[in-house]
Amino acid sequence: MFAALSEKHEHKKVLPDLEGAENGVVMRFAPNPSGPLHIGHARAAALNDAYIKQYGGRYILRIEDTDPKRVDPEAYEMVVEDLKWLGLAITDTVTQSDRLHLYYLLCTQLIERNGAYVCTCDNEQFKELKNKKTACPCREQSVETNLVLWDKMLTHGFKEGEASVRIKTDLNNPDPAMRDFPAFRILDVPAHPKVIAHVYPLMNFSVVADDHLLGVTHVIRGKDHIANTRRQRYIYDHFGWKVPVYRHYGRMGIEGVVLSTSQMRLGINDGTYTGWDDIRLGTLRALARRGISPEAVKNAMLAIGIGDTDISFSWDNLYSENKKIVDPVANRYFFVPEPVTVQIEGAQPHTAHAMLHPSDTARGTRTLEFTGTVLIPKSEVSPDITMLRLKDLFNVKISWDNGMPSFTYAGDSLADARAAKAHIVQWLPAQATIPCTILTQEGEMVGACEPAVRSELGKVIQFERVGFVKIDAVGDAGVVAYYTHK
RNA sequence: GCUGCUAUAGUGUAGUCCGGCCAAUCAUGCGGGCCUUUCACGCCCGCGACUGGGGUUCGAAUCCCCAUAGCAGCACCA
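Residue numbering for the first sequence follows this note's numbering, starting at 9 and increasing by one per position.
In structure tokens, the structure reads:
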């Protein structure tokens, strides 16, 4: 008995169980293709992914492009790329603009079931009636009339704004948002980039149609959809379909990056941002560029879970997850910020062997040839510092004369350096160094690094005493790196 | 305003359904120490929370009520 109890305590589930998931699940991630994916999307994407991996089943990517105003033709590809980067087990991909005929068909059936009607009321007028819990005249039309009007909608008999299809719900529902919400509308402009159409389903209709058609069993989405879930239930009831299991997680506040697609686009167009992967943006491609690994993103999202309380996203937690992944694999190099060139007196040429990774000796070393002149960080040259240890090399004594420092060799003994509490600093041979700029979200850090860093293009490395960076570009002019985190 | 939802340390999270294993878990952060030729990693120690007030009960983080706060929705967006 006690064993059972303690076991219960030790069995920490990563995520809470989903009801009715024992025999596998069908879940979906359903983004609007208006831009690349950002951290907010990653939560839904990762949560669904984790459950599908836990229970087995299918993972449907459903591109929800039923509003031509909010479709960026380039986003289709970006979304797929971003999900690929995240490493999700997507099994099916559907695009709603390919499926308009299905929605039309189901709409006809729904009208035949008397679950929907074509409303030709002025929008303001309808809203007024709705708020008074009063049916608009269109609601009383016969099924036959509705079918005629529906056909008229589809055959350009109405112009934009002149007619819509509404779902019959409960006009006495205390929440006005529930009362006879729209299911289809006419949009003459803009043209849809993927399909010729002018009658488009609204999200609540197309989502129900697809969730049912695709056999979706569980839906995990943000709580901004709670009202939609209630609306969608009316459609399920009209058709007599089985309703999926829903989970709505709370709002996630994310500070420090730009997330609004329109704001990002604006900034890119006016040159404020370099592109969708500008590191000031919260897109997944920006995180990737900064050296955040997809596993870290997923782990951080799973740690947040599906709670329905509002939370604030913690960059610290993400960085911590990323460090766990990156630290064991990142090679170490010297970066000297704001370098000053100093001549060391009294030292013979030395060859320093510095480990590529301190806890993985098998990875080998890099060699730095000392021939007399080195670069060291400017911050290490100040009157209150009298001794330094050049890491993996030797000790240096600094003496000050009239405010001018001079540097002399002070032995190889590490013990001496320790005894003197000397800083162990990164350095570079003056004859073997390349310029290096580290771009951070706040600005840039200029310095120099080991030439060998050029072979780490695209990888995350650690500049000792500085932090992890991703090597973004290498060239004759030097190296550009993005600061990942400490 | 109307309709709902939520409320555990700086942050995230477990526990809340079925009240006692909870003087509240784990992670992160912060402070200190050890290790170390990085201010990294690892290890050890510490800091820090049940929104407030009533009620029910032998007993409440857990149930009920009120208050407060936050959030969501109230689009011919998703």
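Ideal Cβ positions, reconstructed from N, Cα and C, are used throughout, including at glycine.
So residue i is in the beta strand (DSSP E); what residue range does that whole segment cover?
i      : result
Pro347 : 347-353
Ala235 : Counting along the chain, Ala235 falls outside any beta strand (DSSP E), though it belongs to the alpha helix (DSSP H) covering 234-247.
His256 : 253-257
Gly455 : 452-457
Leu398 : 395-398
Cys444 : 442-447
Arg193 : 190-194
Since residue i sits in a beta bridge, which residues does DSSP pair it with?
i      : result
Arg293 : According to DSSP, which records beta bridges pairwise, Arg293 is partnered with nothing at all.
Glu377 : Thr359
His493 : Phe476
Trp408 : Pro413
Gln470 : Arg340, Phe476
Tyr125 : Arg174
Leu436 : Leu383
Arg70  : Val102
Met35  : Tyr67
Please work out which residues of its chain come closer than 8 Å, Cβ to Cβ, to residue i, disregarding the five sequence neighbours upstream and downstream, and give them in chain order.
i      : result
Pro24  : Gly313, Ile314
Glu15  : Unreliable positioning characterises Glu15 in this predicted model, as indicated by a pLDDT of 31, which lies under 50. A coordinate reading is not provided.
Met35  : Asn56, Tyr59, Ile60, Gly65, Arg66, Tyr67, Ile68, Val224, Thr225, His226, Val227, Ile228
Pro459 : Ala440, Thr441, Ile442
Arg259 : Gly230, Lys231, Asp232, Asp318, Ile319
Give every residue of the same chain whose Cβ lies closer than 6 Å to the Cβ of residue i, excluding the five residues on either side of it in the sequence, and list them in chain order.
i      : result
Gly372 : Leu364
Leu13  : Confidence at Leu13 is low in this model, with a pLDDT of 29, below 50, so its placement is unreliable and the value that follows should be read with caution. Counting only Cβ-Cβ distances below 6 Å, and skipping sequence neighbours, we find nothing.
Met9   : A caution first: Met9 carries a pLDDT of 25, below 50, which makes its placement in the model unreliable, though a value can still be read off. Around Met9: no qualifying Cβ.
Thr291 : Pro44, His46, Trp284
Glu581 : Here the chain covers residues 9 to 494 and nothing more, so residue 581 does not appear.
Val305 : Ala50
Asp420 : Phe402
Arg107 : none
My understanding is that residue i touches residue j, with C-beta atoms under 8 Å, so please give their C-beta distance in whole angstroms.
i      : j      : result
Tyr281 : Cys457 : Their Cβ separation, rounded to whole angstroms, is 26 Å, which puts Tyr281 and Cys457 out of contact at 8 Å.
Gly261 : Ser320 : 4 Å
Thr163 : Cys146 : Not a contact, Cβ separation roughly 19 Å.
Tyr257 : Asp219 : Not quite, the Cβ-Cβ distance comes to about 18 Å (not below 8 Å), so this is no contact.
Ile175 : Asp188 : 6 Å
Pro345 : Gly455 : 4 Å
Val22  : Tyr63  : 13 Å between Cβ atoms; not a contact.
Leu179 : Lys135 : About 13 Å separates the two Cβ atoms, so there is no contact after all.
Ala53  : Leu91  : 7 Å
Met161 : Val126 : 7 Å
Provide the residue span of the alpha helix (DSSP H) that contains residue i, from first to last.
i      : result
Gly230 : Premise fails: Gly230 lies in the beta strand (DSSP E), 226-230, not in any alpha helix (DSSP H).
Ala58  : 47-63
Val334 : 323-334
Ala304 : 302-312
Arg273 : 269-277
Val215 : 211-221
Once the 5 residues before and after residue i are set aside, which same chain residues still bring their CB inside 7 Å of it?
i      : result
Ala294 : Asp285, Asp286, Ile287
Lys138 : Pro184, Arg187, Asp188
For the region 261-277 against the region 39-56, are there 3 or more C-beta pairs whose distance is under 8 Å? Contact between the region 261-277 and the region 39-56 is present: three or more C-beta pairs spanning the two stretches fall below 8 Å.
Three or more C-beta pairs closer than 8 Å, one from the region 302-312 and one from the region 437-454: is that the case here? As far as the Cβ criterion goes, the region 302-312 does not touch the region 437-454, which means the pair count is below three.
If you pair each beta-carbon of the region 74-81 with each one of the region 325-336, do three or more pairs fall below 8 Å? With a cut-off of 8 Å, the region 325-336 and the region 74-81 do not count as touching, because too few Cβ pairs lie within range.
Would you be able to state if there are at least three C-beta pairs under 8 Å between the region 394-401 and the region 421-441? With the cut-off at 8 Å, the region 421-441 and the region 394-401 touch.
Inter-stretch contact at 8 Å, needing at least 3 Cβ pairs: the region 381-390 / the region 342-355: These segments touch.
Say whether the region 453-470 touches the region 403-415, bearing in mind that this needs 3 or more beta-carbon pairs closer than 8 Å, one atom from each stretch. Fewer than three Cβ pairs drawn from the region 453-470 and the region 403-415 lie within less than 8 Å of each other, which leaves the two stretches out of contact.
Any contact of the region 163-170 with the region 180-195, i.e. 3+ C-beta pairs under 8 Å? Flag = yes, the region 163-170 and the region 180-195 touch.
Meets three-Cβ-pair contact criterion under 8 Å: the region 233-251 and the region 268-278: The region 233-251, when compared against the region 268-278, does not touch it at the 8 Å Cβ threshold.
Cβ contact (3+ pairs, closer than 8 Å) linking the region 87-98 and the region 205-221: In this structure the region 87-98 does not lie against the region 205-221, because fewer than three pairs of beta carbons, one per stretch, are closer than 8 Å.
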